[in-house]
DNA sequence: TGTTAGCACTCATCACTTGCGAGTGCTAAT
DNA sequence: ATTAGCACTCGCAAGTGATGAGTGCTAACA
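Chains as they are written, first to last, in the working numbering: chain A, 1 to 344; chain B, 345 to 688.
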């Protein structure tokens with residue numbers, strides 16, 4: 001069990017390192033008002049903390065830096081909550097001042113502001129489309145042999161797909177088809193779409209539509225091609241301004257990773273409410289060794305919709321980021337809910 | 345006027361520098377088969393080329409590197425055309441093998457392949473939506489007081505906007521409105537939409553729809569909020585692998601620039617057909633001092649739709665990139681045209 | 001007259017040394 | 001239990017010298 005003094009020293013050490021990015025020495029610490037002990041005393045405690053695995057040295061005679069375990073302890077036990085400054089609050093509110101005409105636009109802007117406020121990189125996972133329900137189907141023929149299928153969801157999201165029309169399909173065929181689709185598929189989850197279409201709706205279509213086989217081949221494929229979560233970034237370059245990435249190797253690795261959307265999703269805990277912190281190797285990604293990820297999620301109504309994350313160096317300002325994320329995810333949820341569930 | 349030997353030496357120097365990224369010395373050049381002259385002769389010619397501004401030295405006793413003027417001359421006069429390798433052709437074709445269900449998807453994939461083939465960064469400007477014409481309007485109410493407006497263009501592109509519904513608007517009001525919009529606005533260019541809506545359609549709507557004022561305030565704003573060209577990147581991180589950007593400053597500058605979409609458009613010549621090359625400072629952008637941009641454009645039918653660009657170091661493999669861009673832009677145009685204009 | 005060999009000179013780069021300073025661990029005194 | 005003192009460690013920056021690739025110039029050569 002750690003003594004009070006050890007707790008204090010650990011906290012101050014982490015705080016100091018987060019601010020300066022320099023190894024923290026005992027002399028330096030003892031100068032601070034909060035630490036009324038001599039360098040020697042501090043050294044002893046630091047040595048203990050090192051033995052316990054909370055601190056590390058970069059070389060035999062350097063100051064200490066927090067280990068991953070140190071950060072973990074700091075985050076779990078030493079992080080005192082904090083109110084967002086009114087300045088920050090104002091910035092956050094500004095996202096919602098303009099008239100909202102597109103959900104994506106709001107999310108993109110949220111990403112930007114977050115990265116601006118934190119000086120780290122933000123990632124927003126767009127609404128998980130597969131959870132949305134079909135509100136309306138529509139098919140618009142473009143040429144003799146191609147058309148675009150449009151799905152509007154109850155969340156106001158619009159998906160569209162090109163598909164080929166078989167020769168000789170009439171306008172009334174299409175009208176019939178749209179009617180059937182709307183009757184049968186309204187209210188179905190997008191991820192259920194393919195299943196329901198094949199098992200239930202197919203038979204009905206077959207009865208009423210000419211050239212059923214060809215039509216379903218291209219339409220079915222178009223409709224069920226994956227509905228993906230979009231990924232929005234804010235301030236990709238922000239990370240590069242922190243000293244831990246002045247190593248070109250690491251910088252490259254990070255940028256490359258961010259370009260590969262598939263890796264990104266592994267950074268998000270699968271949809272738990274609340275704020276989660278993953279430190280360094282806890283991300284299970286080589287490129288993220290020196291990074292921490294803090295995630296939150298936003299909701300529409302009661303339903304979990306998407307996630308917000310901030311990526312920063314392990315030496316990031318956890319306290320500030322946690323508060324900002326907390327406020328931001330709350331406001332975003334409230335605003336989206338207001339618009340899309342206002343009154344039914 | 346340059347002698348034949350000087351032309352040769354300039355060409356070989358640029359070629360060599362493009363390959364090695366190292367200043368080219370006279371001894372080194374004289375070893376090549378294509379250059380049957382002694383180092384001393386080469387030195388004399390190089391000195392002349394330097395006086396003329398085509399070559400530069402990094403320091404008093406280093407080899408020569410091409411100046412911007414040197415690259416410009418090389419690109420304008422010494423670049424012999426080249427056929428794409430069948431390997432490259434195959435890769436390019438692969439973009440179109442899958443069934444195409446979304447234009448954006450094809451463009452995104454094009455961006456990826458291009459950057460993969462060149463090892464530079466590619467930028468594709470999506471279709472310039474403002475040039476498209478309205479094919480169909482649709483409005484889907486979400487809740488009592490919000491709805492989503494959908495515009496389908498003749499190119500199969502779908503735009504959607506959220507807007508507020510005034511209290512007490514009936515379903516039949518909306519139906520009427522959609523009918524009027526479709527009658528009046530079909531065939532109108534998207535960039536003309538706001539004008540036509542205000543000048544011509546507004547009067548008609550006013551006659552038939554209750555709560556006209558409130559409705560038009562939110563609907564009009566939603567519809568006319570900018571229809572932007574989307575920007576697609578391929579291989580943002582690719583640039584960082586070239587030695588000219590091992591300087592963190594420059595790398596940061598580039599990545600930051602790429603995050604600011606508004607700067608990007610300035611890299612594209614305003615919609616000229618054919619292939620254009622801008623070298624270093626010709627881009628009028630500080631961050632791009634050490635970069636060249638090669639642009640081409642793609643069309644749907646006869647109409648200029650969007651642009652393709654490759655960003656590489658000034659020391660980029662111009663010949664290869666030009667051929668690849670040429671082939672790719674042609675294929676992309678052909679494929680998009682086939683799908684969207686197949687038969688009317 | 002155009003080309004080439006020879007030579008003195010320049011400059012970046014790398015390995016090596018050295019001094020400095022911040023920091024440590026240990027021991028003995030308080 | 002805490003602190004002062006001291007010898008020791010190590011990273012870092014500045015300085016040194018050797019190396020080699022490259023140059024400009026001049027004189028010889030075909």
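No residue lacks a Cβ here, since even glycine has one placed at the ideal position from N, Cα and C.
Query: Presumed contact (8 Å Cβ cut-off) between residue 399 of chain B and residue 357 of chain B, rounded CB distance; Result: 7 Å
Query: Under 7 Å by beta carbon: chain B residues contacting residue 156 of chain A; Result: 486, 492 and 506
Query: Residues sharing a beta bridge with residue 189 of chain A, DSSP; Result: A:133
Query: Environment of residue 657 of chain B [buried if 16+ CB atoms lie within 10 Å]; Result: buried
Query: Proximity of residue 500 of chain B and residue 650 of chain B at Cβ, strictly below 7 Å; Result: no
Query: Pairwise C-alpha distance: residue 309 of chain A and residue 347 of chain A; Result: Nothing can be reported for residue 347 of chain A, as the shown portion of chain A is limited to 1 through 344.
Query: Cβ-based burial, residue 66 of chain A [other Cβ within 10 Å; buried from 16]; Result: buried
Query: Helix, strand or coil at residue 491 of chain B according to DSSP, with G and I counted as helix; Result: strand
Query: Residue range of the unbroken alpha helix (DSSP H) whose run includes residue 217 of chain A; Result: 212-224
Query: Helix, strand or coil at residue 649 of chain B [DSSP, three-state]; Result: strand
Query: Partner residues on chain A for residue 446 of chain B, Cβ-Cβ distance less than 7 Å; Result: 161 and 162
Query: Neighbour-count burial assignment, residue 160 of chain A, 16 or more Cβ in a 10 Å radius; Result: buried
Query: Where residue 286 of chain A falls, given that 16 or more other Cβ within 10 Å makes a residue buried; Result: exposed
Query: The region 277-297 of chain A touching the region 92-100 of chain A, judged by at least three CB pairs closer than 8 Å; Result: no
Query: Span separating the alpha-carbon of residue 37 of chain A from that of residue 109 of chain A; Result: 47 Å
Query: Closest residue to residue 555 of chain B among B:509, B:578 and B:608 (Cα-Cα distance); Result: B:509
Query: Short Cβ contact (7 Å threshold) for residue 480 of chain B with residue 140 of chain A; Result: yes
Query: Residue 147 of chain A versus A:21, A:158 and A:169, residue with shortest Cα-Cα distance; Result: A:169
Query: Closest residue to residue 634 of chain B among B:365, B:389 and B:393 (Cα-Cα distance); Result: B:365
Query: Residue 310 of chain A at chain B interface by Cβ criterion, 7 Å; Result: no
Query: With 16 other Cβ atoms within 10 Å as the buried cut-off, status of residue 427 of chain B; Result: exposed
Query: Own chain residues within Cβ distance below 7 Å of residue 240 of chain A, not counting five before or after; Result: 251
Query: Expected contact under 8 Å - CB spacing of residue 324 of chain B and residue 666 of chain B to nearest Å; Result: For residue 324 of chain B there is no data in the structure shown, the boundaries of chain B being 345 and 688.
Query: CB contact below 7 Å: residue 603 of chain B versus chain A; Result: yes
Query: For residue 379 of chain B, three-class secondary structure by DSSP; Result: coil
Query: Neighbourhood of residue 530 of chain B by C-beta, 6 Å cutoff - its chain only, sequence neighbours within 5 removed; Result: 478
Query: Contacts of residue 600 of chain B in chain A (Cβ-Cβ under 7 Å); Result: 237
Query: Alpha carbon of residue 688 of chain B to alpha carbon of residue 154 of chain A, nearest angstrom; Result: Because residue 688 of chain B carries a pLDDT of 47, less than 50, the predicted location of this residue cannot be relied on, and no value is offered for it.
Query: Any C-beta of chain A under 7 Å from that of residue 566 of chain B; Result: yes
Query: Beta carbon proximity, residue 569 of chain B to chain A, threshold 7 Å; Result: yes
Query: Segments assigned alpha helix (DSSP H), at least 4 residues, entirely inside the region 349-404 of chain B; Result: 370-375 and 383-395
Query: Cα-Cα separation between residue 433 of chain B and residue 669 of chain B, rounded to whole angstroms; Result: 11 Å
Query: Member of B:539, B:487 and B:355 whose CA lies at the smallest distance from the CA of residue 568 of chain B; Result: B:539
Query: Cross-strand partners of residue 485 of chain B (DSSP beta bridge); Result: B:491
Query: Top-ranked residue by Cα proximity to residue 663 of chain B, from B:565, B:467 and B:363; Result: B:363
Query: Buried versus exposed, by CB contacts within 10 Å (16 or more), residue 116 of chain A; Result: exposed
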